[in-house]
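A.B. asks: Have a look at this one.
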């Protein structure tokens with residue numbers, strides 16, 4: 001019996017049990033095959049539950065488990081490193097009619113993917129908290145900054161950062177403000193932060209190697225001090241090159 | 001140049017490492033002298049997983065246990081994954097590297113379970129080719145673990161012990177003997193576990209696994225055990241372990257507890273029980 005028949009049947013509950021699988025007396029063994037079906041489904045649902053805890057809270061545990069089954073059968077993992085599993089989940093959510101009314105849900109899934117990605121990203125030693133304060137403004141604007149490899153950006157028109165904080169921390173203090181998000185990992189635990197208008201473009205410019213001044217030109221009027229304070233506070237600036 | 005069969009894990013209990021136990025293990029490891037990690041959880045570029053592993057490796061011998069290489073797969077091994085394993089081993093220098101006699105990937109889809117193989121000459125050739133490739137890329141000997149199985153294949157022509165022995169002889173790999181898997185498979189497949197263990201080539205075993213299982217019911221009213229790793233090691237498994245150890249089978253022994261993971265003292269106590277069995281065997285050898 002080929003593994004393609006086995007693999008198809010294990011992912012497809014309505015498919016017949018492959019022939020040639022037997023119990024100790026040589027009889028067909030559908031319940032034994034169901035152990036493998038169950039292991040595959042349960043373990044991959046668990047991987048998605050672990051990877052998307054806030055999406056799960058938002059839709060409820062039972063609904064999430066049912067939805068995860070639909071997803072994993074259409075999108076099984078493409079490799080054995082499950083920390084990256086679910087890259088197709090945001091797009092799946094955009095096209096899954098039962099959650100069409102939850103417009104922010106795909107962006108929440110994107111945010112949870114970025115948080116996981118940041119969690120496993122390379123370490124870096126940050127500059128001192130006062131590294132920028134020592135620079136004259138002209139020198140500061142002419143400098144280029146190297147940002148932490150764990151920094152991630154999410155463009156969004158939904159208040160996903162506030163919703164994430166409310167569910168992750170269990171507090172509803174954050175104002176429900178929509179906007180782009182930057183994920184920063186001060187030590188080991190990444191967190192999302194709301195960016196001021198233009199902040200995403202400025203950080204992209206810095207990542208591309210622009211000077212602060214050139215990055216600001218791409219998004220005039222951005223609260224540059226606010227962005228730099230945020231980056232410094234979360235130890236996300238690794239180097240300042242003059 | 002491959003390492004020796006028994007490699008460098010201490011002849012003592014180890015546990016499957018769970019991040020929630022990090023502080024407790026560093027503070028009070030009890031009899032635990034080594035830790036086993038699932039390779040696929042440590043393939044990122046940095047962050048807490050690698051920082052914890054680095055700290056643990058300074059105090060404990062580490063065994064890297066792969067759960068995703070799909071050595072029994074019909075298709076070629078995932079070359080990118082093999083390179084990730086190589087990079088992890090090059091960074092960590094683990095005392096042991098092991099994988100399973102099973103498959104989990106087909107046509108690019110990873111099914112996240114250790115799926116069964118028909119023991120035939122064709123399967124034997126394929127598994128040996130893959131193990132040759134693993135040992136060549138990693139530049140070291142690997143251990144191959146006997147699986148827990150829930151069903152049989154009408155096409156099978158070899159017994160599991162004969163199959164594993166042939167793989168080890170042909171490739172030079174060592175074996176990882178999971179005593180719980182032997183018990184689970186024995187109940188599910190209707191063979192005698194003590195006979196299986198008497199036939200098992202203990203001289204090729206570099207490591208022993210012990211774990212918990214759960215009971216279920218299979219087809220036609222027959223019992224079916226499920227390898228859950230979600231509870232304490234069952235008494236019949238302890239008995240089989242003791243018999244194996246008494247038969248010159250004392251080896252580095254791991255307690256696996258992957259689901260419904262208990263607080264550290266419970267896991268430490270299981271390791272203590274394994275330590276007692278190993279010590280008893282040592283006393284018998286001395287006497």
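Protein chains in written order, with UniProt numbering: chain S, 1 to 242; chain D, 1 to 287.
Note that the Cβ used here is the ideal one computed from N, Cα and C, for glycine as well.
Which residues share a DSSP beta bridge with residue 144 of chain D?
C.D. replies: According to DSSP, residue 144 of chain D bridges with D:99, D:175.
A.B. asks: Return the chain-ordered list of same chain residues with a C-beta closer than 8 Å to the C-beta of residue 167 of chain D, the five sequence neighbours on each side being excluded.
C.D. replies: Closer than 8 Å at Cβ, skipping near neighbours: 101, 124, 127, 128, 131, 144, 173.
A.B. asks: Per DSSP, residue 211 of chain D forms a beta bridge with which residues?
C.D. replies: Answer by DSSP bridge pairing, in chain order: D:256.
A.B. asks: Ignore the nearest five residues each way along the sequence and tell me which others in residue 30 of chain S's own chain have a CB closer than 7 Å to its CB.
C.D. replies: So the list reads 17, once near-sequence residues are dropped.
A.B. asks: Give a yes or no on whether the minimum CB-CB distance between residue 188 of chain S and chain D is below 8 Å.
C.D. replies: Chain D contact via Cβ: present.
A.B. asks: I need the straight-line Cα distance from residue 190 of chain D to residue 98 of chain S, nearest angstrom please.
C.D. replies: If you take the alpha carbons of residue 190 of chain D and residue 98 of chain S, they lie about 46 Å apart.
A.B. asks: Looking at the C-beta of residue 33 of chain D, does it have a partner C-beta in chain S at a distance below 8 Å?
C.D. replies: So no, residue 33 of chain D is outside the interface.
A.B. asks: Can you check whether the CB of residue 238 of chain S is closer than 8 Å to the CB of residue 147 of chain S?
C.D. replies: Cβ atoms of residue 147 of chain S and residue 238 of chain S: closer than 8 Å.
A.B. asks: Once the 5 residues before and after residue 185 of chain S are set aside, which same chain residues still bring their CB inside 6 Å of it?
C.D. replies: Closer than 6 Å at the Cβ level, and outside the excluded window around residue 185 of chain S, lie 118, 150.
A.B. asks: What in chain S is Cβ-close to residue 180 of chain D, meaning under 8 Å?
C.D. replies: Those within 8 Å of residue 180 of chain D in chain S number zero; the least Cβ separation is about 16 Å.
A.B. asks: How would you write the range of the alpha helix (DSSP H) that residue 130 of chain D sits in, first residue to last?
C.D. replies: Its alpha helix (DSSP H) spans residues 121-138.
A.B. asks: Relative to the alpha-carbon of residue 217 of chain D, which residue among D:260, D:262, D:187 has its alpha-carbon at the smallest distance?
C.D. replies: Here the closest residue by C-alpha is D:187.
A.B. asks: I'd like to confirm the pairing. Which residues does DSSP put opposite residue 110 of chain D in its beta bridges?
C.D. replies: Paired residues: D:105.
A.B. asks: What would DSSP say about residue 167 of chain S, mapped onto helix, strand or coil?
C.D. replies: Of the three classes helix, strand and coil, the one that applies to residue 167 of chain S here is helix, per DSSP.
A.B. asks: Please name the residue, chosen from S:79, S:212, S:160, S:74, that lies closest to residue 58 of chain S on a Cα-to-Cα basis.
C.D. replies: Comparing Cα-Cα distances from residue 58 of chain S to each of S:79, S:212, S:160, S:74, the minimum goes to S:160.
A.B. asks: Secondary structure at residue 234 of chain S, three-state DSSP: helix, strand or coil?
C.D. replies: Reduced to three states, the DSSP call for residue 234 of chain S is coil.
A.B. asks: Whole angstroms is fine: what's the gap from residue 247 of chain D's alpha carbon to residue 34 of chain S's?
C.D. replies: Spanning the two alpha carbons is a distance of roughly 37 Å.
A.B. asks: Do the segment 226-245 of chain D and the segment 54-68 of chain S make contact, defined as three or more Cβ pairs closer than 8 Å?
C.D. replies: No: the two stretches stay apart, fewer than three of their Cβ pairs being nearer than 8 Å.
A.B. asks: Are the C-beta atoms of residue 33 of chain S and some chain D residue less than 8 Å apart?
C.D. replies: Yes, because at least one Cβ of chain D sits closer than 8 Å to the Cβ of residue 33 of chain S.
A.B. asks: For residue 27 of chain S, return the contacting residues in chain D, with the cut-off set at a CB-CB distance below 8 Å.
C.D. replies: Per Cβ cutoff of 8 Å: 219, 220.
A.B. asks: Measure how close the beta-carbons of residue 12 of chain D and residue 275 of chain D come, nearest whole angstrom, since I'm counting them as under 8 Å.
C.D. replies: That belief holds up - the Cβ atoms of residue 12 of chain D and residue 275 of chain D are roughly 7 Å apart, short of 8 Å.
A.B. asks: For residue 254 of chain D, collect the residues of the same chain with a Cβ closer than 6 Å to its Cβ; drop the 5 residues on either side in sequence, then sort them by chain order.
C.D. replies: Excluding sequence neighbours, residue 254 of chain D sits near 14, 36, 209.
A.B. asks: What is the DSSP secondary structure of residue 280 of chain D, reduced to helix, strand or coil?
C.D. replies: Helix at residue 280 of chain D.
A.B. asks: Which same chain residues end up closer than 7 Å to residue 3 of chain D when comparing Cβ atoms and leaving out the 5 residues on each side of it in sequence?
C.D. replies: Interpretation of residue 3 of chain D is limited by its pLDDT of 39, a score under 50 that renders its predicted location unreliable; no figure is taken from the coordinates.
A.B. asks: Please classify residue 25 of chain S as buried or exposed, where buried requires at least 16 other C-beta atoms within 10 Å of its C-beta.
C.D. replies: Residue 25 of chain S is exposed by the Cβ-count criterion.
A.B. asks: Consider the Cβ of residue 169 of chain S: report whether some Cβ of chain D lies at a distance smaller than 8 Å.
C.D. replies: Chain D, which has no Cβ nearer than 8 Å to the Cβ of residue 169 of chain S, makes this no.
A.B. asks: Give the residues of chain D in contact with residue 111 of chain S, contact being defined as C-beta atoms less than 9 Å apart.
C.D. replies: Those do not exist, as residue 111 of chain S stays about 17 Å from chain D at its closest Cβ, beyond 9 Å.
A.B. asks: Hey, does residue 119 of chain D have any beta-carbon neighbour from chain S nearer than 8 Å?
C.D. replies: It does not; no Cβ of chain S falls within 8 Å.
A.B. asks: Run down chain S in chain order and give the residues with a C-beta less than 7 Å from the C-beta of residue 98 of chain D.
C.D. replies: Per Cβ cutoff of 7 Å: no residues; residue 98 of chain D is ~15 Å from chain S at best.
A.B. asks: Does residue 23 of chain S get closer than 8 Å to chain A when you measure Cβ to Cβ?
C.D. replies: Annotation note: the requested chain A is absent from the structure, which comprises protein chains S and D.
A.B. asks: Going along chain D in order, which residues have a C-beta closer than 8 Å to the C-beta of residue 81 of chain S?
C.D. replies: Those are 40, 43, 68, 81, 84, listed as they occur along chain D.
A.B. asks: So is residue 183 of chain S buried or exposed if we call it buried at 16+ other beta carbons inside 10 Å?
C.D. replies: By the neighbour-count rule (16 or more Cβ atoms within 10 Å), residue 183 of chain S is buried.
A.B. asks: Counting beta carbon pairs with one atom in the segment 89-107 of chain S and one in the segment 78-97 of chain D, are three or more of them shorter than 8 Å?
C.D. replies: Segments in contact, no.
A.B. asks: For the putative contact between residue 107 of chain D and residue 75 of chain D, defined by C-beta atoms under 8 Å, what is the C-beta separation to the nearest angstrom?
C.D. replies: Contact flag correct, Cβ pair sits at about 7 Å.
A.B. asks: Which term fits residue 285 of chain D, buried or exposed, when burial requires 16 or more other beta carbons within 10 angstroms of its beta carbon?
C.D. replies: Reliability of the predicted coordinates at residue 285 of chain D is poor, the pLDDT of 47 falling under 50, and the value obtained from them is presented with this limitation in mind. Flag for residue 285 of chain D reads exposed.
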